[in-house]
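J.: So that we are looking at the same thing, I have put the structure below in structure tokens.
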Amino acid sequence: METHRAVRPSWDCEDCAEPWPCPDRKAGLLAERPFDRLTLLLFLSGFLTEAIDDFARNGTGTVPDLYDRFLGWALRVPSDP
Ligand SMILES: [Zn+2]
Numbered sequence: 144m145e146t147h148r149a150v151r152p153s154w155d156c157e158d159c160a161e162p163w164p165c166p167d168r169k170a171g172l173l174a175e176r177p178f179d180r181l182t183l184l185l186f187l188s189g190f191l192t193e194a195i196d197d198f199a200r201n202g203t204g205t206v207p208d209l210y211d212r213f214l215g216w217a218l219r220v221p222s223d224p
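Residue numbers (the working numbering): 144 to 224.
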């Protein structure tokens, strides 16, 4: 069963309450080998757009900087050789 999923609309992790994607979820995503950065970014982009919608509808009116939270970390992961 999949764990460390996002709870909407807060986008906190259901298991550890960290901002999603939490460290455990990131580790899980990166463990899916062979690592394909493009596939990972597309996967995360889908959540990013949903999160922007959720924060816009349910938040304080200010959408936090979600780009680095959802995509930036994945861009910094070294590629496989
Ligand atoms: Zn978690």
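Built from N, CA and C at the ideal position, the CB exists for glycine as well.
1. Looking at the unbroken alpha helix (DSSP H) that takes in Thr182, where does it start and where does it end?
2. In the DSSP assignment, what are the bridge partners of Asp155?
3. What residue range is occupied by the uninterrupted alpha helix (DSSP H) comprising Ala174?
4. CA-CA distance, Glu175 and Glu145?
5. Among Arg180, Leu173, Phe198, Ala170, whose alpha-carbon lies nearest the alpha-carbon of Val150?
6. If I measure Cβ to Cβ from Lys169 and keep anything under 6 Å in the same chain, skipping five residues before and after, which residues do I get?
T.: Checking against the coordinates, here is how it stands:
1. Here the alpha helix (DSSP H) through Thr182 covers 180-201.
2. In the DSSP output, where bridge partners are listed per residue, Asp155 has Val150, Pro162.
3. Taken as a continuous stretch (DSSP letters only), Ala174 belongs to no alpha helix (DSSP H), as it is neither H nor E.
4. Rounded to the nearest angstrom, the two C-alpha atoms are 13 Å apart.
5. The shortest Cα separation from Val150 among Arg180, Leu173, Phe198, Ala170 belongs to Phe198.
6. Around Lys169: no qualifying Cβ.
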